[in-house]
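So the sequences go chain by chain: A, B, C and D.
Using my numbering, the letters of the first sequence correspond one by one to residues 2 to 407.
Using my numbering, the letters of the second sequence correspond one by one to residues 2 to 407.
Using my numbering, the letters of the third sequence correspond one by one to residues 2 to 407.
Using my numbering, the letters of the fourth sequence correspond one by one to residues 2 to 407.
Built from N, CA and C at the ideal position, the CB exists for glycine as well.
Computed from a prediction, not measured in an experiment: that's the story for all the values here.
Number of protein chains: 4
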Amino acid sequence: MDFAYNARTEEYRESLLDFMDTHVYPNELRYERELAAAGDAYVTPAVVEELKTEARSRGLWNLFLPDEEWGAGLSNLEYAPLAEISGRSPFIAPDAINCAAPDTGNMELLAGFASPELQRRFLVPLLEGEIRSCFSMTEPDTASSDATNIDTRIERRGDVYRIQGRKWWSHGALSDRCRVAILLGVTDPDGDRHRRHSMIVVPLDAPGVRIERTTTVFGYVDHAHGGHAVIHYDDVEVPVGHLLGEEGGGFAIAQARLGPGRIHHCMRLIGMAERAFDHMCARAHEREPFGRPLAEQGVVREWIAEARIRIEQARLLVLKTAWLMDTVGNKGAQVEISAIKVAVPEMAAWVIDRAIQTFGGAGVSDDTPLAALWTQARLLRIADGPDEVHKMSLAKRELQRYAPLD
Amino acid sequence: MDFAYNARTEEYRESLLDFMDTHVYPNELRYERELAAAGDAYVTPAVVEELKTEARSRGLWNLFLPDEEWGAGLSNLEYAPLAEISGRSPFIAPDAINCAAPDTGNMELLAGFASPELQRRFLVPLLEGEIRSCFSMTEPDTASSDATNIDTRIERRGDVYRIQGRKWWSHGALSDRCRVAILLGVTDPDGDRHRRHSMIVVPLDAPGVRIERTTTVFGYVDHAHGGHAVIHYDDVEVPVGHLLGEEGGGFAIAQARLGPGRIHHCMRLIGMAERAFDHMCARAHEREPFGRPLAEQGVVREWIAEARIRIEQARLLVLKTAWLMDTVGNKGAQVEISAIKVAVPEMAAWVIDRAIQTFGGAGVSDDTPLAALWTQARLLRIADGPDEVHKMSLAKRELQRYAPLD
Amino acid sequence: MDFAYNARTEEYRESLLDFMDTHVYPNELRYERELAAAGDAYVTPAVVEELKTEARSRGLWNLFLPDEEWGAGLSNLEYAPLAEISGRSPFIAPDAINCAAPDTGNMELLAGFASPELQRRFLVPLLEGEIRSCFSMTEPDTASSDATNIDTRIERRGDVYRIQGRKWWSHGALSDRCRVAILLGVTDPDGDRHRRHSMIVVPLDAPGVRIERTTTVFGYVDHAHGGHAVIHYDDVEVPVGHLLGEEGGGFAIAQARLGPGRIHHCMRLIGMAERAFDHMCARAHEREPFGRPLAEQGVVREWIAEARIRIEQARLLVLKTAWLMDTVGNKGAQVEISAIKVAVPEMAAWVIDRAIQTFGGAGVSDDTPLAALWTQARLLRIADGPDEVHKMSLAKRELQRYAPLD
Amino acid sequence: MDFAYNARTEEYRESLLDFMDTHVYPNELRYERELAAAGDAYVTPAVVEELKTEARSRGLWNLFLPDEEWGAGLSNLEYAPLAEISGRSPFIAPDAINCAAPDTGNMELLAGFASPELQRRFLVPLLEGEIRSCFSMTEPDTASSDATNIDTRIERRGDVYRIQGRKWWSHGALSDRCRVAILLGVTDPDGDRHRRHSMIVVPLDAPGVRIERTTTVFGYVDHAHGGHAVIHYDDVEVPVGHLLGEEGGGFAIAQARLGPGRIHHCMRLIGMAERAFDHMCARAHEREPFGRPLAEQGVVREWIAEARIRIEQARLLVLKTAWLMDTVGNKGAQVEISAIKVAVPEMAAWVIDRAIQTFGGAGVSDDTPLAALWTQARLLRIADGPDEVHKMSLAKRELQRYAPLD
């Protein structure tokens with residue numbers, strides 16, 4: 002277990018920290034204003050494009066992608082502290098360095114499983130930050146916490162696959178830059194439970210694709226993510242070459258995608274918790290109800306101590322998980338991936354909630370970023386598998402070690 | 002401690018339950034649709050006016066007002082179960098029976114402290130449900146959890162008071178039906194700390210009143226409440242007769258207003274928790290991830306048991322508080338009012354959060370009412386005094402009983 | 002729901018409160034000393050006999066027994082506040098007023114189901130406070146949280162029943178005054194799951210009864226209870242007339258016994274929590290680490306506020322449960338009995354734990370009663386059915402109300 | 002941050018794990034029996050001496066002592082996993098490898114600050130495992146969580162120091178092997194607050210030393226620790242050479258002693274939590290109430306998952322703290338030492354409590370080690386500084402980073 006930052010990580014960290022200080026934080030207000038002025042939550046404000054140019058010129062680009070050919074070639078442990086930093090300004094920074102979900106996962110899939118033709122058409126512009134993408138897995142009418150329940154149909158008809166189904170929580174689809182979806186559906190309804198599904202690339206302008214709306218998250222439309230779309234796929238046809246990997250391999254690919262996706266979310270959440278911690282401590286010095294600053298009041302100090310303790314523990318568990326993924330692979334790190342998926346959103350929600358409380362009315366409103374940050378943490382107790390599913394699978398694995406011999 | 006429903010309460014309960022079943026619940030969807038169609042969150046949908054007519058024809062009107070001349074003349078204990086029922090559909094029902102915040106508190110003030118002229122002009126149309134009102138107390142730049150900090154100025158200039166200040170969290174001001182504000186400000190800056198403030202009635206169309214915007218609550222604009230407005234009062238002049246009570250009496254009046262206001266919120270929150278409980282139990286039977294209904298899974302059962310235990314305890318404490326207010330007065334019930342103000346929002350937030358979790362993605366979105374309900378509960382851990390202030394004052398009072406004799 | 006104390010309750014309360022102030026509290030130290038001097042945890046100190054005489058002379062005797070012929074004839078609601086008061090000094094007061102577990106439950110059984118002969122032999126001396134009794138139900142080798150698992154055999158052999166089995170957690174057996182056990186065993190192994198068991202009276206001096214030891218509770222031998230004995234019943238023979246009720250009725254009788262037993266425990270636990278609260282508040286005024294009394298430190302105030310809020314809620318739920326048992330019967334109050342069985346020990350453990358923390362080292366030691374009180378609360382999260390069993394049964398009952406119609 | 006076990010650690014780990022498997026666990030029962038047979042809780046059972054011989058022959062001896070001359074010369078990071086393993090059998094293993102508190106801290110002090118004469122007389126036999134020692138700091142009549150409150154007097158009278166005071170929680174004094182105390186007292190009552198105290202070595206057979214009794218810990222006398230003694234020091238005289246370090250240096254030395262002491266406790270607590278986890282998982286497979294093993298019940302699985310998540314996080318934080326102490330010193334690691342002092346006992350108490358619950362009655366009794374383990378964890382929320390003091394100091398330090406510039 003060596004979590005030390007190596008020279009490469011240190012270099013990236015310094016560069017990214019400087020970028021945050023000089024370009025990201027100073028532009029958060031401008032971002033809000035441009036967004037408000039646009040009158041459309043899903044338009045990309047001009048400031049984002051400027052930030053992307055700046056970030057790229059500094060080499061802060063596609064850091065998430067372990068593939069050295071297409072991306073920065075960083076290990077999970079190397080990327081972890083960088084993702085955390087980007088999470089401190091989660092509505093701008095990940096996008097600015099082209100490391101925003103759900104594009105990161107989609108780029109991984111395209112880099113690993115798409116034909117050269119598809120890579121040219123979608124992966125390259127994604128890596129260039131020219132377009133964005135969405136991921137269509139969950140369905141409104143099935144218990145998708147068990148992914149084998151999914152029942153959108155993908156039927157082969159000669160040279161094309163015909164897709165029929167309705168998805169929701171298709172993260173990213175509403176962004177004005179979104180051009181393509183990666184979709185999970187059933188190619189072999191009678192196949193083995195884990196061999197029924199395939200994953201396929203669907204251009205959003207294909208006939209039959211219709212975006213109905215976003216679902217909200219505690220009142221937010223999650224603009225930075227590009228929303229969480231309800232999408233109808235009505236007899237959409239795509240060439241057979243759009244399949245990722247092989248027929249029946251969808252479930253395995255989805256599992257592979259979720260491991261890194263989950264840890265990336267956790268990394269960024271730690272950054273959000275740190276940002277909330279900053280706000281809480283600054284506020285504690287500034288606010289003086291009843292004649293004494295909050296910073297001198299026992300209950301607030303208790304929150305601050307608890308917050309620091311929780312953040313540190315969560316960060317170490319994420320680093321250990323990253324290190325494990327790098328050394329024994331995603332499969333070998335399953336207990337830990339489940340563990341952070343449960344622990345980190347809970348920790349972040351708790352820390353942000355306490356920060357909100359120190360701000361009173363400003364905390365629940367958009368006059369601070371805290372309320373929006375909290376919803377991100379709360380959503381992740383459900384998204385990518387609810388807490389309860391991860392706990393059950395973790396417990397099962399632990400219990401196996403104690404199973405009586407027959 | 003007799004919490005039994007008397008005959009009058011029973012009669013009202015039956016009538017209100019029937020009204021909910023036959024008119025409110027069946028119209029919730031229509032309400033959502035009319036609101037969406039209006040394209041303005043603060044327009045009152047037509048369905049609300051219909052419901053008001055129906056409710057009034059059934060005698061379900063102004064139930065909150067203990068004043069027999071102006072209102073239903075119910076005691077707190079009699080009103081409690083009715084407010085709870087209205088809380089089950091909190092965006093429609095309280096308005097439909099003309100028992101919505103912040104109008105209830107404002108009507109109490111006008112009934113108790115306004116001149117006949119003001120009562121004719123504002124109280125009567127409020128009691129008729131023709132207009133709505135807002136309450137302007139909190140200020141963005143001061144720690145308003147200590148109400149003595151408030152510093153909006155109310156200066157006497159001959160026959161008028163001139164008002165200068167900026168308020169926020171002025172609940173209700175954005176409703177298309179809102180016509181009048183009740184404002185707390187400083188009339189005597191050098192007076193005793195609890196005698197500096199006065200309360201005054203300000204028509205919203207008075208020159209110098211400018212509503213800037215609403216603050217949001219976790220992404221919601223709180224349409225049913227009429228938003229939480231930021232209001233500028235720039236040299237607004239109102240006749241001296243607009244003062245409520247006497248000069249310097251503002252703090253005392255504010256305190257008097259907050260007691261009933263707090264318990265009403267708690268009563269409705271219990272209704273919200275019960276509604277969430279209904280949703281959770283129904284969902285538990287319906288959803289079957291991993292081949293077994295949630296209703297048979299231990300963790301969900303634990304939530305349901307915990308939820309029932311918490312709701313019951315909270316309800317009993319609210320009933321005891323109502324009974325105390327009726328028998329020994331609001332002052333004698335201060336410990337209990339603080340206690341429910343802390344306990345009930347926390348309970349409701351917990352129950353609703355567990356219900357959200359059973360719904361997964363649907364729970365955090367507006368496809369169920371749960372996310373919006375949760376924000377109401379969360380807001381009330383801050384509004385009308387944050388938890389911490391209530392706990393400190395409660396503890397102080399308890400500790401007094403044990404103070405060593407000198 | 003009328004929880005008001007009636008005249009009779011008020012009279013008893015005043016008398017009992019005076020008895021506590023003048024006789025119980027002043028003798029707690031003497032009790033500890035006599036116990037220590039005896040060198041045997043299960044000897045009854047002389048002070049207890051004196052207190053019994055005094056209590057009885059004041060009519061504070063057998064208050065728990067609703068049967069008017071044998072006992073005070075109080076309803077559950079009338080007894081609740083009295084049991085709470087006795088719980089404030091739980092190692093002396095319940096015994097002093099002849100209302101200590103497990104005798105109370107045993108006396109109820111003997112009053113309801115025993116032959117006149119058995120009543121003469123055991124019930125009368127129990128009611129007189131001359132002897133004590135124990136209850137033998139749980140077994141070490143079976144999961145007794147499901148009472149149908151019990152497998153001690155009770156076999157009819159002509160005019161006698163022969164008993165073979167091993168029991169533990171037989172509360173009370175080690176007291177020097179203990180003379181008799183009530184035992185649950187299997188009379189019909191092939192019978193219906195709920196008709197297999199019978200309950201029988203076993204004199205402790207019967208050949209074959211052997212008390213092995215007490216189990217401890219966090220290091221305590223629970224002297225006031227008379228310990229929790231492991232008892233061997235090796236071919237013990239008792240006359241057939243020793244059966245309580247009818248053959249096969251044991252499970253039903255046990256259930257009947259547990260309802261009142263559970264609420265009595267809860268009532269006393271509230272008294273223990275109040276006692277801990279007293280200690281905590283007094284300590285908060287007295288102790289001044291870092292130059293300021295604990296009473297002025299935010300975290301301690303938060304504990305005090307939380308403690309008061311929790312105690313109040315728990316007490317109200319117990320009162321409601323008592324009232325329900327009185328009005329609709331123990332069966333109709335099952336949800337509430339489970340609810341208090343879960344909520345009250347948890348509340349009491351929490352309050353006592355916070356009191357311990359304010360005392361530091363003295364809190365965990367026997368220099369205050371807090372550590373011992375805490376173990377009583379913790380034990381009750383397991384005894385008479387662990388929390389989890391009560392929650393599951395409560396949830397099942399709640400879920401039934403929402404079951405879909407087929 | 003490199004937490005990897007190096008070759009030396011790995012070698013020790015293997016050796017220690019083997020020793021635990023082959024000698025410690027198999028002798029736990031014998032230990033209990035010998036202790037019971039002795040009829041004196043503070044006699045050292047013969048098995049312990051045998052284990053010591055065996056351990057020493059394997060080089061498993063004085064591992065805690067970083068001083069290479071006197072001890073094994075391991076860094077904190079190297080010792081951490083070994084201390085954790087010894088914590089799995091905390092009543093035997095630490096003693097068997099001569100790494101038991103409070104001797105470890107005392108040996109550190111003697112190695113660092115005692116005269117060669119004192120080292121010969123006390124340090125050598127301690128290192129040899131021939132005698133044990135106690136630590137006398139806390140006082141019953143002062144708020145010792147603030148160590149500057151201590152007021153036992155140490156007065157110079159020519160060639161001797163005369164000591165007058167009363168201490169409690171003097172860990173270890175009752176062991177039949179205990180020969181010496183290290184005591185903190187006031188040498189300069191008028192000195193600066195942090196320069197008033199000195200530390201001194203007191204042979205237990207010095208005239209005037211009187212051990213009154215042990216305080217209990219939830220009913221336990223803490224035999225393995227040698228109890229927590231109340232000690233009277235009545236005009237005890239020791240040669241001036243018995244002072245550790247310089248006059249006035251006591252507070253600084255105490256602080257230095259507490260850093261390692263605290264992390265050692267935390268390391269062992271993680272071992273205790275792991276042991277409880279083992280018990281819980283084994284029990285979950287074995288017990289089948291209501292016809293299904295606990296291992297298949299959702300609530301128990303949730304506990305197991307939560308326990309694993311909490312243990313992992315706590316362990317990582319302890320490792321990080323050890324690494325920091327090794328690299329930047331105890332002072333630089335103060336935030337982290339406070340953090341683990343708060344987080345680890347809480348975690349351990351939680352895990353053990355859940356294990357207790359899976360065992361029901363056996364869990365709270367001494368039929369499993371769980372109840373005793375729990376009291377160790379609970380005690381450590383108070384001992385060596387209560388949680389609240391550590392949280393306040395941690396928060397203060399964090400808040401400094403955000404202090405506004407004047």
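Leucine 61 of chain D and phenylalanine 4 of chain D do not touch by the CB rule: their CB atoms are close to 22 Å apart, not below 8 Å.
The Cβ neighbour count for phenylalanine 252 of chain D, taken over all protein chains shown within 10 Å, is at least 16; the residue is labelled buried. Minimum Cα-Cα distance from alanine 384 of chain D among the listed residues D:Gly330, D:Gln401, D:Cys179 and D:Trp169 corresponds to D:Trp169. If you draw a 10 Å sphere on the C-beta of valine 181 of chain A, you find 16 or more other C-beta atoms in it, and that means buried. For the options A:Val343, A:Glu118, A:Ile305 and A:Val300, the alpha carbon positioned closest to that of arginine 398 of chain D is the one of A:Ile305. Under the three-state reduction of DSSP, histidine 24 of chain C is assigned to helix.
Minimum Cα-Cα distance from alanine 315 of chain C among the listed residues C:Asp327, C:Val345 and C:Ser339 corresponds to C:Val345. Assigned with DSSP and collapsed to three states, threonine 215 of chain C falls in strand. Judged by their CB atoms, aspartate 388 of chain C and phenylalanine 291 of chain D are not nearer to each other than the 8 Å cut-off.
Here the alpha carbons of isoleucine 254 of chain A and proline 294 of chain B stand approximately 28 Å from one another. Against chain D, a Cβ distance below 9 Å from methionine 393 of chain A picks out Gly299, Arg302, Glu303 and Ala306. Taking a Cβ-Cβ cut-off of 8 Å, the neighbours of proline 405 of chain B in chain C comprise His286 and Glu287, given in sequence order. Looking only at C:Ala102, C:Ala225, C:Arg89 and C:Leu66, the smallest Cα-Cα distance to methionine 273 of chain C is reached by C:Arg89.
The C-alpha of proline 103 of chain A is placed about 38 Å away from the C-alpha of asparagine 28 of chain B. Burial check for leucine 318 of chain A: the Cβ neighbour count within 10 Å reaches 16 or more, so the residue is buried. Here DSSP, grouped into helix, strand and coil, assigns proline 240 of chain D to strand.
Membership of serine 87 of chain D in the alpha helix (DSSP H) is indicated by the continuous run 77-88.
The count of Cβ pairs closer than 8 Å, one atom from the stretch 133-153 of chain C and one from the stretch 170-189 of chain C, reaches three, so the stretches are in contact.
Judged by DSSP secondary structure, serine 137 of chain B falls outside any alpha helix (DSSP H) and instead within the beta strand (DSSP E) spanning 133-137. Boundaries of the beta strand (DSSP E) around histidine 198 of chain A: 198-204. Interface annotation, leucine 380 of chain C: in contact with chain D, CB-CB separation under 8 Å.
The Cβ atoms of tyrosine 6 of chain A and arginine 14 of chain A sit closer than 8 Å to each other. Residue state for alanine 277 of chain B is assigned as helix, using DSSP reduced to three classes. In the three-state DSSP reduction, histidine 226 of chain D falls in the coil class, being neither helix nor strand. For the pair arginine 194 of chain D and glycine 249 of chain D, the CB atoms are not nearer than the 8 Å cut-off. Chain-order list of chain A residues neighbouring valine 390 of chain D: empty, with the shortest C-beta distance near 11 Å, by a criterion of under 9 Å. Spanning the alpha carbons of glutamate 118 of chain D and asparagine 107 of chain D requires a straight line of approximately 16 Å. Less than 8 Å divides the Cβ of isoleucine 341 of chain A from the Cβ of threonine 322 of chain A. About 5 Å separates the Cβ atoms of leucine 380 of chain D and valine 218 of chain D, confirming a contact at the 8 Å cut-off. Cβ contact annotation for aspartate 177 of chain B (same chain, cutoff 8 Å, sequence separation greater than five): Asp41, Tyr43, Val44 and Thr45, in chain order.
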